[in-house]
């Protein structure tokens, strides 16, 4: 199963059965929605929203044989038209215009069909939508043109014309054009309300004002560009005195340890104690910050929300002994995930109504499971293991930088902007050192004509890189100099599972050097390896982790093992990993240990790392020596399953 949901300004969502647009985030758990139809905007909790794909699934999840003959013929016609565009490596505007002219279809319609198909790559998604008869437009084309021109020239300009001024100007132009009917004021106001808020501020106030209102929160703290990117921890002695509850004698003043998110200025976690600050206080404060707060608020009788939890990317503290202690350092060295995976597993059991007891490991004593879970009169021994990032992928990327780097620098030194797209059929370590150099030389000898090659080592294209789309976007948008949006504009698309190597010459933005104002040179390589040996090496098995976890389980309690992955190597690798895990789990012999279930959790980023949080979570379970039902029916650790859950893994979505 897989489950993923992301929201950011401009995204389409479903609320009360209606398609709405997210304008901006109001709090960590609510957003401002544009509900359309000229109505006022609404602040809605994110828990009330559904992904728009769920609404579309009702219409889209139809097999081809379920379509009426007329719709089936139209589907085939549409797919035949867009097939050359969806299967090409780089789709250009000229290609779209050519296809549109050849088939007598509007360019916008071509883009709409491509978007429908590329959403899930299913031909049936191109079926015509049956939503009833559309009402004809009541305004003449001349009136429509006048409305559009006045809004563009007067309303979306530095003149900042008011709504009434726009109405008067539209009526004046309609009289001058001697139109029989003029648009009413309500129609014009509806058009004005439909203007994109970000575009309105951009055209009326300027680029800086649009960024300040709709962009990331401004700040000068380095690295604090997203929630939980930087968390600061400090201690303070409270100005209260704690008294003994019997004799009313003073005990002392308590210490408050706070973890504060720099980006949002929100308190992530706290620890209150009479003990002096130290590593123990910092550890408990971090643990509190990583966990969901709903259970604690309920225990304290506090009505409200505290929507913050998760692992911080960077932790800042004062130069005290608490963060220079060997205890903290040893813990971080031992667990590179900082215990986060164990906390996520524990939170899942807590949501299911279980009582979770963590079992600390002690030196000199046999290793024990991570926790005991009591639910429905049964006690489970639960052990968690996290698969570390493999070194094979890192070696691949390092080898490719050595293969391409010198040639990219040579091209950049001569002021040449070049794009190379390469797919290798062998392991990167087996690619000859002069392989890409030979392709560059062949391309240069071709006097600028694109070079296409296909041999036993791999296939690909190399040609001149068009900077126009990037420079046009930079004229009115802020783009990170090393972000995925740059790769998308330069190469035509951003593919999460491929790798990029780039050299760029750009002008940093004055307000933030991480962004660019212009780019006049770029050399970009997009590559991937489809070698079966490479895929097999990346799809690491869980046998070693499963054996280690089984050794830590007791003999007198039913056992459960959870294994976590960061699935970042691509769908082909995850398919191979799935097959390996299934074969390993089915043949695994736990010996005398009563191991009943194994859960595997795949965490799959669906958005680039420099953009908003968006990912899929896929779970896989296998019964080993099961004597009853699964301890967890709701198997998701991060995103509670909602209507967007699909009973298929992410690599088939």
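In full-length UniProt numbering, the protein residues as written are 1 to 653.
For every residue, glycine included, the Cβ atom is placed at its ideal position computed from N, Cα and C.
This one's a predicted model, so the numbers in the text were calculated from it and none came from an experiment.
> Out of 257, 461, 249, 247, which has the shortest C-alpha to C-alpha gap to residue 235?
Replying inline: 257
>> At the level of alpha carbons, what is the spacing between residue 289 and residue 312?
In response: 9 Å
>> With H, G and I counted as helix, E and B as strand and the rest as coil, what does DSSP make of residue 213?
In response: helix
> In angstroms, rounded to a whole number, what distance separates the CA positions of residue 563 and residue 426?
Replying inline: 30 Å
> Measuring CA to CA, which of 431, 461, 392, 111 is closest to residue 442?
Replying inline: 461
> Rounded to a whole number of angstroms, what is the C-alpha to C-alpha distance between residue 546 and residue 8?
Replying inline: 39 Å
>> Taking only three categories from DSSP, how would you classify residue 111?
In response: helix
>> Just to confirm my understanding: we take residue 84, look at its own chain, exclude 5 residues before and 5 after, and list those with CB closer than 7 Å. What are they?
In response: 99
> Going by DSSP, which residues form a beta bridge with residue 419?
Replying inline: 463, 524
> Nearest-angstrom Cα distance between residue 500 and residue 592?
Replying inline: 49 Å
> Is the number of C-beta pairs between the stretch 391-408 and the stretch 431-438 that are closer than 8 Å three or more?
Replying inline: yes
> Just curious, the beta strand (DSSP E) that residue 358 is in, first and last residue?
Replying inline: 355-358
> Whose CA, out of 300, 344, 475, 493, lies closest to the CA of residue 287?
Replying inline: 344
> Hey, is the stretch 462-474 in contact with the stretch 404-418, meaning 3+ C-beta pairs nearer than 8 Å?
Replying inline: yes
>> Check whether the stretch 346-361 and the stretch 508-519 are in contact - that is, three or more C-beta pairs closer than 8 Å.
In response: no
>> With a threshold of 6 Å on Cβ separation, who are the neighbours of residue 56 within its own chain once the five nearest residues in sequence on each side are excluded?
In response: Residue confidence for residue 56 is low, a pLDDT of 44 falling below 50, so the modelled location carries little weight and cannot support an answer.
> Using the beta-carbon count (16 or more within 10 Å), is residue 370 buried or exposed?
Replying inline: buried
>> Could you tell me which whole beta strand (DSSP E) segments of length 3 or greater appear in the stretch 380-412?
In response: none
>> I'd like to know if the stretch 148-158 and the stretch 104-112 are in contact, where contact means that at least 3 CB-CB pairs between them fall below 8 Å.
In response: no
>> Only counting the same chain, and skipping five residues up and downstream in sequence, which positions put a Cβ closer than 7 Å to that of residue 202?
In response: 210, 476
> Which full runs of the alpha helix (DSSP H) of 4+ residues lie inside the stretch 171-196, going along the chain?
Replying inline: 185-193
> Where does the unbroken alpha helix (DSSP H) through residue 8 begin, and where does it stop?
Replying inline: Premise fails: residue 8 is in no alpha helix (DSSP H) and is neither H nor E.
>> Let's see if you can read the secondary structure: which residues bound the beta strand (DSSP E) around residue 369?
In response: Neither: residue 369 is in no beta strand (DSSP E) and is coded neither H nor E.
>> Tell me the residue span of the alpha helix (DSSP H) that contains residue 352.
In response: Careful: residue 352 lies outside any alpha helix (DSSP H) and carries neither H nor E.
>> Between which residues of its own chain and residue 273 is the CB-CB distance below 7 Å, once the five residues before and five after are set aside?
In response: 254, 255, 281
>> I believe residue 228 touches residue 261 by the beta-carbon criterion, under 8 Å. Please report the beta-carbon distance rounded to the nearest angstrom.
In response: 6 Å
> What's the call for residue 493, buried or exposed, on a 16-neighbour Cβ count within 10 Å?
Replying inline: exposed
> How many angstroms separate the CA atom of residue 90 from the CA atom of residue 468?
Replying inline: 14 Å
> So, is the C-beta of residue 449 closer than 7 Å to a C-beta in chain B?
Replying inline: No chain B is part of this structure, which consists of one protein chain only.
>> If you reduce the DSSP assignment to three classes, tell me which class residue 15 lands in.
In response: strand
> Who pairs with residue 623 in a beta bridge, going by DSSP?
Replying inline: 597
> Is residue 227 near the ligand SAM, going by C-beta to nearest heavy atom under 6 Å?
Replying inline: Ligands displayed in this structure: none; no statement on the ligand SAM is therefore possible.
> What are the start and end residues of the alpha helix (DSSP H) that includes residue 542?
Replying inline: Taken as a continuous stretch (DSSP letters only), residue 542 belongs to no alpha helix (DSSP H), as it is neither H nor E.
> How many angstroms separate the CA atom of residue 71 from the CA atom of residue 128?
Replying inline: 6 Å
> Per DSSP, which one or two residues make a beta bridge with residue 500?
Replying inline: 526
> Which value, in whole angstroms, describes the spacing of the CA atoms of residue 341 and residue 554?
Replying inline: 21 Å
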